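S.K.: Can you keep this structure in mind? I'll have questions shortly.
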Amino acid sequence: MKESAESGASSRRRSSGTPALDWSTQRQQLRRVSSGSNFASAATPEDFIFFEQLPLVLDLGTAFIKAGLGGEPEPQCVFRAGRPSELEENGKLIPSIYVKQTAAETHEALKCRLRIALDDLFFRRLSIQPRDRAFVLCEGLMKNSSEKAALVELLFEIYDVPSISFIPDLVSPLYCCGVDTGIVVDVGYQDTRVLATVLGCPYLRSLTAAGVGGASVDRELRQLLRASFANEPATVSLVESLSPEQIEEIKVTCCYVAFDLQEAASQREKRDAKRREPAGETVEFAQVESGVEAFKSEKAIQFRVNKDTILTISPECRWKACEVLFGAADGAISSIQEAIVESIRKCPFEMRRLIVQNILLCGGTTQFRGFTTRLAVELEAHLAEEPKLQTLRRFVQFGVPCFAPLLRAWTGGSMHAGLEGRQEYTKTEYERGVPVPDWTSWIFHSLPSSEDATQASAGNTAETHEPSSPETH
Numbered sequence: 000m001k002e003s004a005e006s007g008a009s010s011r012r013r014s015s016g017t018p019a020l021d022w023s024t025q026r027q028q029l030r031r032v033s034s035g036s037n038f039a040s041a042a043t044p045e046d047f048i049f050f051e052q053l054p055l056v057l058d059l060g061t062a063f064i065k066a067g068l069g070g071e072p073e074p075q076c077v078f079r080a081g082r083p084s085e086l087e088e089n090g091k092l093i094p095s096i097y098v099k100q101t102a103a104e105t106h107e108a109l110k111c112r113l114r115i116a117l118d119d120l121f122f123r124r125l126s127i128q129p130r131d132r133a134f135v136l137c138e139g140l141m142k143n144s145s146e147k148a149a150l151v152e153l154l155f156e157i158y159d160v161p162s163i164s165f166i167p168d169l170v171s172p173l174y175c176c177g178v179d180t181g182i183v184v185d186v187g188y189q190d191t192r193v194l195a196t197v198l199g200c201p202y203l204r205s206l207t208a209a210g211v212g213g214a215s216v217d218r219e220l221r222q223l224l225r226a227s228f229a230n231e232p233a234t235v236s237l238v239e240s241l242s243p244e245q246i247e248e249i250k251v252t253c254c255y256v257a258f259d260l261q262e263a264a265s266q267r268e269k270r271d272a273k274r275r276e277p278a279g280e281t282v283e284f285a286q287v288e289s290g291v292e293a294f295k296s297e298k299a300i301q302f303r304v305n306k307d308t309i310l311t312i313s314p315e316c317r318w319k320a321c322e323v324l325f326g327a328a329d330g331a332i333s334s335i336q337e338a339i340v341e342s343i344r345k346c347p348f349e350m351r352r353l354i355v356q357n358i359l360l361c362g363g364t365t366q367f368r369g370f371t372t373r374l375a376v377e378l379e380a381h382l383a384e385e386p387k388l389q390t391l392r393r394f395v396q397f398g399v400p401c402f403a404p405l406l407r408a409w410t411g412g413s414m415h416a417g418l419e420g421r422q423e424y425t426k427t428e429y430e431r432g433v434p435v436p437d438w439t440s441w442i443f444h445s446l447p448s449s450e451d452a453t454q455a456s457a458g459n460t461a462e463t464h465e466p467s468s469p470e471t472h
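Quick note: the sequence shown uses numbering that gives the first Met the number 0, first residue 0, plus one each step.
Printed below as a string of structure tokens:
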């Protein structure tokens, strides 16, 4: 996939009449640019041509904003969304300006909030002119459409960008594995979303959401800390005063996902029995094989709140905070494994075996130690209880690309940015009143195969191979 992205970018540069530049030889200089070094002192005119042609890839997540040049494996800039942050300038930490999002937000207020964030991103963090390059937006499938409309309006009317490409953030991670079929599980900050993609076409009917995510772990962790120090009023006050950043730091440094197959099976029986009790149903629970190694620590961790205060995180708090991800939340679909099974159930029979062979996790919450193993255990046991799905258990595989789960959606968009033939919504189309493309009309583009390339060269024509457009389900 990396070679495809490089060759696609190379072909695009050759077709525009500019000198063909080697992608690998420029990477080091581009990183110096992103880190704030003096690019002009070491760059040649060809370097500037190459640099100006790279599209900018944006992933506007709920918790973090990720931005960087297309073709890079990692974004040049990752920072919190909706909270003030500090950036070092001339040896001093200067807080950024931001506008907090509200529940009832007018269009003008939304544009103001986005413009402040984009100004901070373009001119302060990346130091680029947005009008000089195309944009690739990793689009959230369940995001507010008004926010997308305001963002497009700002990019075209204020920042004068030439074109925008959209890629669903539940499809772009598949580029990291080099496949076009699989299930993407995005465990985000507010919720978990699951979508199946087959042969490059997102199967829209399979889109499923569960109301658990990183924020659920934060709330559970604060409650557990409050309960563990119930007899110490001073410590309870300290826990209440912890900022969201401090709670997240405790979560990242101290928490993990425990797994024990027999214990997980016992907890699942209790949950399912409670759920089916009002209907008077009786269920034969599948017996899960033993032998999976347990992963649980009995060690407490000392967390330094400030230079004078240390908070002891008990062993129970460390693993119990993450249990909310696997079924302790309220809602119709209250766990990640239930969302995956529900998404599989919505797919046609002939698709199920294909998609379960590549389950790809993304989102920072999936980086907990033990998360993938626990999810595999829970998913296997959950499928065992489904008569129509239990035969899929032996085909389940989790994709493990070399990119961090937090960045997989952005990295996939970066790879997509280097491909020829990607759909672009230009400023000319915007001025003519052409509607902004919706993610339901998106097409998974690929580069020509070796046979197609041979035929194209024989006929002295350059063609781009594209799969058929996705059907509307």
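From the three backbone atoms N, C-alpha and C, an ideal C-beta is built for every residue, glycine too.
All values derive from a computational prediction rather than experimental measurement.
In terms of residue numbering, what span does the alpha helix (DSSP H) encompassing residue 236 cover?
M.R.: On the sequence shown, residue 236 is found 237 positions in, with the first residue counted as 1. That run of the alpha helix (DSSP H) goes 232–240.
S.K.: What are the uninterrupted segments assigned as alpha helix (DSSP H) that are 4 or more residues long and contained completely in the segment 175–242, given in chain order?
M.R.: Listed in chain order, they are 213–227 and 232–240.
S.K.: Drop a sphere of 10 angstroms on the beta-carbon of residue 215, count the other beta-carbons inside from all chains shown, and report buried for 16 or more, exposed for fewer.
M.R.: As a working mapping, residue 215 is identified with position 216 in the sequence shown. So residue 215 ends up on the buried side.
S.K.: Leaving aside the five residues before and after residue 61 along the sequence, list all residues of the same chain whose C-beta is less than 7 Å from its C-beta, in chain order.
M.R.: Start at 1 with the first residue of the sequence shown, and residue 61 comes out as number 62. Counting only Cβ-Cβ distances below 7 Å, and skipping sequence neighbours, we find 80, 187, 188 and 189.
S.K.: Does the segment 335–342 come within contact of the segment 158–178, defined as at least 3 CB pairs closer than 8 Å?
M.R.: Verdict: no, contact absent.
S.K.: For residue 174, count the other beta carbons within 10 Å of its own beta carbon; 16 or more makes it buried, fewer makes it exposed. Which is it?
M.R.: Position 175 of the sequence shown holds residue 174. By the neighbour-count rule (16 or more Cβ atoms within 10 Å), residue 174 is buried.
S.K.: On the DSSP bridge assignment, give the partners of residue 77 in chain order.
M.R.: For the purposes of this step, residue 77 is taken as residue 78 along the sequence shown, with counting starting at 1. The partner list for residue 77 (beta bridge, DSSP) reads 65.
S.K.: I believe residue 355 touches residue 399 by the beta-carbon criterion, under 8 Å. Please report the beta-carbon distance rounded to the nearest angstrom.
M.R.: Here residue 355 refers to the residue found at position 356 when the sequence shown is read from its first residue. Here residue 399 refers to the residue found at position 400 when the sequence shown is read from its first residue. Not quite, the Cβ-Cβ distance comes to about 15 Å (not below 8 Å), so this is no contact.
S.K.: With DSSP as the reference, identify every bridge partner of residue 167, one or two as the case may be.
M.R.: To locate residue 167, count along the sequence shown from 1; it is residue 168. 138.
S.K.: Straight-line CA distance for residue 136 to residue 56?
M.R.: The residue labelled residue 136 in the question sits at position 137 within the sequence shown. The residue labelled residue 56 in the question sits at position 57 within the sequence shown. The alpha-carbon atoms of residue 136 and residue 56 are separated by roughly 6 Å.
S.K.: From residue 66 to residue 230, what does the alpha carbon distance come to, in whole angstroms?
M.R.: By one-based count along the sequence shown, residue 66 stands at place 67. By one-based count along the sequence shown, residue 230 stands at place 231. Spanning the two alpha carbons is a distance of roughly 46 Å.
S.K.: Based on Cα-Cα distance, which residue from 121, 204 and 411 lies nearest to residue 343?
M.R.: The count along the sequence shown starts at 1 and reaches residue 343 at position 344. That would be 204, whose Cα lies nearest to the Cα of residue 343.
S.K.: I'd like to know if the segment 238–249 and the segment 361–371 are in contact, where contact means that at least 3 CB-CB pairs between them fall below 8 Å.
M.R.: In short, these stretches do not touch, since the Cβ pair count stays below three.
S.K.: What residues in its chain sit with their C-beta under 7 Å from that of residue 475, if we drop five residues either side in the sequence?
M.R.: Residue numbering for the chain in the displayed model covers 0 to 472; residue 475 lies beyond these limits and cannot be assessed.
S.K.: Please determine, among 382, 414 and 312, the residue with the shortest C-alpha to C-alpha distance to residue 303.
M.R.: Numbered from 1 along the sequence shown, position 304 holds the residue referred to as residue 303. Among 382, 414 and 312, the Cα nearest to that of residue 303 belongs to 312.
S.K.: Between the C-alpha atoms of residue 163 and residue 376, what's the straight-line distance to the nearest angstrom?
M.R.: Taking the first residue of the sequence shown as position 1, residue 163 is located at position 164. Taking the first residue of the sequence shown as position 1, residue 376 is located at position 377. Answer to the nearest angstrom: the Cα atoms are 41 Å apart.
S.K.: Could you pull the start and end residues of the beta strand (DSSP E) that residue 301 belongs to?
M.R.: Walking along the sequence shown from the start, residue 301 turns up at place 302. Run containing residue 301: 300–305, per the beta strand (DSSP E) assignment.
S.K.: Pick helix, strand or coil for residue 412, following the three-state DSSP scheme.
M.R.: Counted from its first residue, the sequence shown places residue 412 at position 413. Three-state DSSP puts residue 412 in a helix.
S.K.: In terms of residue numbering, what span does the beta strand (DSSP E) encompassing residue 254 cover?
M.R.: By one-based count along the sequence shown, residue 254 stands at place 255. From DSSP, residue 254 is part of no beta strand (DSSP E); its letter is neither H nor E.
S.K.: In the DSSP assignment, what are the bridge partners of residue 162?
M.R.: What you label residue 162 is simply residue 163 of the sequence shown in a count that begins at 1. DSSP lists 425 as partners of residue 162.
S.K.: Classify residue 105 as helix, strand or coil using the three-state DSSP reduction.
M.R.: By one-based count along the sequence shown, residue 105 stands at place 106. If DSSP states are grouped into helix, strand and coil, residue 105 belongs with coil.
S.K.: Would you mind stating whether residue 388 and residue 382 have Cβ atoms separated by less than 8 Å?
M.R.: In the sequence shown, residue 388 corresponds to position 389, counting from 1. In the sequence shown, residue 382 corresponds to position 383, counting from 1. Cβ atoms of residue 388 and residue 382: closer than 8 Å.
S.K.: For the alpha helix (DSSP H) that residue 353 lies in, which residues bound it at each end?
M.R.: Translated into positions along the sequence shown, residue 353 becomes position 354. Element bounds for residue 353: 348–354.
S.K.: Going by DSSP, which residues form a beta bridge with residue 58?
M.R.: Numbered from 1 along the sequence shown, position 59 holds the residue referred to as residue 58. Beta-bridge pairing links residue 58 to 65 and 137.
S.K.: In angstroms with no decimal places, state the Cα-to-Cα distance between residue 234 and residue 363.
M.R.: What you label residue 234 is simply residue 235 of the sequence shown in a count that begins at 1. What you label residue 363 is simply residue 364 of the sequence shown in a count that begins at 1. Each residue's alpha carbon lies about 29 Å from the other.
S.K.: For the alpha helix (DSSP H) holding residue 374, just list the boundary residues, first then last.
M.R.: Counting from 1 along the sequence shown, the entry for residue 374 is found at position 375. 370–383 is the extent of the alpha helix (DSSP H) around residue 374.
S.K.: Would you report the Cα separation of residue 202 and residue 217, rounded to the nearest angstrom?
M.R.: Residue numbering aside, residue 202 sits at position 203 when the sequence shown is read from its first letter. Residue numbering aside, residue 217 sits at position 218 when the sequence shown is read from its first letter. Near 32 Å, if we compare the C-alpha coordinates of residue 217 and residue 202.
S.K.: Work out the CA separation of residue 76 and residue 121 for me, nearest whole Å.
M.R.: Here residue 121 corresponds to residue number 122 of the sequence shown, with the count starting at 1. Here residue 76 corresponds to residue number 77 of the sequence shown, with the count starting at 1. Their Cα atoms are separated by approximately 10 Å.
S.K.: For residue 424 and residue 386, I'd like the C-alpha separation in whole angstroms.
M.R.: For this step, residue 424 is matched to residue 425 along the sequence shown. For this step, residue 386 is matched to residue 387 along the sequence shown. Spanning the two alpha carbons is a distance of roughly 46 Å.
S.K.: Would residue 411 and residue 172 qualify as a contact pair, given that the criterion is a beta-carbon distance under 8 Å?
M.R.: Taking the sequence shown and counting its residues from 1, the one referred to as residue 411 is at position 412. Taking the sequence shown and counting its residues from 1, the one referred to as residue 172 is at position 173. Yes, Cβ-Cβ distance for residue 411 and residue 172 is below 8 Å.
S.K.: Among the candidates 236, 252, 123 and 351, whose CA atom is the shortest distance from the CA of residue 180?
M.R.: Along the sequence shown, one-based indexing puts residue 180 at 181. Considering only alpha carbons, the answer is 351.
S.K.: When DSSP labels each residue in this structure, what does residue 397 get in the three-state scheme?
M.R.: Position 398 of the sequence shown, counted from the start, is the residue given in the question as residue 397. Strand at residue 397.
S.K.: Taking 8 Å as the cut-off, decide whether the C-beta atoms of residue 195 and residue 346 are in contact.
M.R.: Counting from 1 along the sequence shown, the entry for residue 195 is found at position 196. Counting from 1 along the sequence shown, the entry for residue 346 is found at position 347. Yes, the pair counts as a contact, with Cβ atoms nearer than the cut-off.
S.K.: For residue 430, does the count of other Cβ atoms within 10 angstroms reach 16, so buried, or fall short, so exposed?
M.R.: The sequence position of residue 430 within the sequence shown is 431, counting from 1. By the neighbour-count rule (16 or more Cβ atoms within 10 Å), residue 430 is not buried but exposed.
S.K.: Residue 359 to residue 314, Cα distance in whole Å?
M.R.: Counted from its first residue, the sequence shown places residue 359 at position 360. Counted from its first residue, the sequence shown places residue 314 at position 315. About 30 Å.
S.K.: Under the assumption that residue 416 contacts residue 361 (Cβ atoms under 8 Å), give the Cβ distance between them as a whole number of angstroms.
M.R.: Position 417 of the sequence shown, counted from the first residue, corresponds to residue 416. Position 362 of the sequence shown, counted from the first residue, corresponds to residue 361. Contact flag wrong, Cβ pair sits at about 18 Å.
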